[in-house]
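One structure is given below, encoded as structure tokens.
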Amino acid sequence: MKKIVISLVMLVMMANLASAATASFALANKLYAQKKYTEAAEMYETILKNEGAAPELYYNMGNAYFKSNELAKAILNYERALRVAPGYDDAKFNLEFANQKIIDNVEMTDSFFLKKWINSLMKTLTSNGWFYTSVILFVVTLIAFLVFVFGGTRMLRKSFFYVAVICLLISVGSIVFSAIRKNQMESHREAIIMSGVVVIKGAPDKSGTDLYQLHEGTKITVIGILGDWYEVRLGNGNVGWVENDKVERI
């Protein structure tokens with residue numbers, strides 16, 4: 012009886028917390044609709060801190076920051092929405108629009124078309140998405156193999172043999188993609204320049220040689236860490252060092 016009472020109390024508490032979160036989200040949306048973008052962004056940040064991440068939350072935060080002319084924070088949150096939900100088309104569209112406002116025009120280094128295609132394909136799903144795809148295809152592989160073993164006609168068995176081989180190969184590829192995507196999610200190597208203008212140094216020291224400048228919103232990849240400095244690489248292959256308080260990891 013005591014366990015039942017405790018369970019009921021916990022359910023009531025969880026329901027109240029969910030209700031409070033929904034109310035807070037509705038209030039933040041109302042502030043946004045009233046064009047109180049700064050207040051809306053602050054409310055979304057509070058919800059994020061208390062309730063955890065969600066793609067819709069990051070997306071709404073990005074919109075609020077964009078309307079508040081905080082370009083770097085807008086881009087950061089659109090990118091985070093896409094980390095959680097790679098197929099979020101609205102976030103993709105708004106990110107592309109926001110990226111047009113960036114001062115820096117970083118030309119991406121040309122890479123082998125097959126590598127670019129594989130990277131694009133891999134980013135269409137999260138780590139869990141690729142894992143579930145692998146499991147489903149493995150089950151299909153087993154079914155196809157059983158049909159191959161116990162099937163009636165030779166043509167039927169031959170067809171399902173090829174189906175089993177193809178599904179098995181794609182299943183293995185999917186589990187590899189899942190592992191890579193998990194590593195990408197956990198490493199947080201990609202980051203956004205948050206300060207208006209930062210000077211990229213040739214060494215992890217303020218007295219280091221000035222290499223070039225980057226402006227807010229530019230996306231970089233962290234390839235090394237030394238004290239309070241990040242070694243970073245741009246899409247065009249340029250590298251350098253920047254103080255870690257000038258950027259925020261996605």
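Residue numbers for the sequence shown follow the working numbering, beginning at 12 and rising by one. Virtual Cβ for every residue (Gly too), placed ideally from N, Cα, C.
Identify the residues that DSSP records as bridge partners of residue i: which are they?
i, result
"residue 260", "202"
"residue 232", "201, 244"
"residue 225", "209"
Can you tell me whether residue i is helix, strand or coil according to DSSP?
i, result
"residue 239", "coil"
"residue 118", "coil"
"residue 254", "strand"
"residue 179", "helix"
"residue 140", "helix"
"residue 152", "helix"
"residue 66", "helix"
"residue 100", "helix"
"residue 81", "coil"
"residue 129", "helix"
"residue 44", "helix"
"residue 195", "helix"
So is residue i buried or exposed if we call it buried at 16+ other beta carbons inside 10 Å?
i, result
"residue 128", "exposed"
"residue 105", "buried"
"residue 118", "exposed"
"residue 157", "exposed"
"residue 164", "exposed"
"residue 205", "buried"
"residue 139", "exposed"
"residue 43", "buried"
"residue 55", "buried"
"residue 166", "exposed"
"residue 152", "buried"
"residue 19", "Bear in mind that a pLDDT of 43 at residue 19, under 50, signals an unreliable position, so the number given afterwards is only what the model happens to contain. Classification for residue 19: exposed."
"residue 155", "buried"
"residue 197", "exposed"
"residue 212", "buried"
"residue 21", "Only weak support is given to the placement of residue 21: the predicted model assigns it a pLDDT of 48, under 50, and the value that follows is read from those uncertain coordinates. Exposed, by the Cβ-count rule."
"residue 84", "buried"
"residue 173", "exposed"
"residue 141", "buried"
When the Cα of residue i is compared with those of the options, which residue comes out closest?
i, options, result
"residue 98", "214, 61, 118, 70", "70"
"residue 102", "181, 169, 74, 213", "74"
"residue 236", "116, 95, 253", "253"
"residue 242", "41, 258, 228", "258"
"residue 246", "240, 238, 225", "225"
"residue 95", "57, 60, 83, 134", "134"
"residue 208", "232, 233, 216, 221", "221"
"residue 107", "217, 87, 250", "87"
"residue 78", "100, 130, 50, 123", "50"
Would you check whether the ligand NAD has a heavy atom nearer than 8 angstroms to the C-beta of residue i?
i, result
"residue 235", "This structure simply doesn't include the ligand NAD, nor any ligand for that matter."
Give me the Cβ distance between residue i and residue j, rounded to the nearest whole Å; I'm assuming they're in contact under 8 angstroms.
i, j, result
"residue 244", "residue 261", "Not a contact, Cβ separation roughly 15 angstroms."
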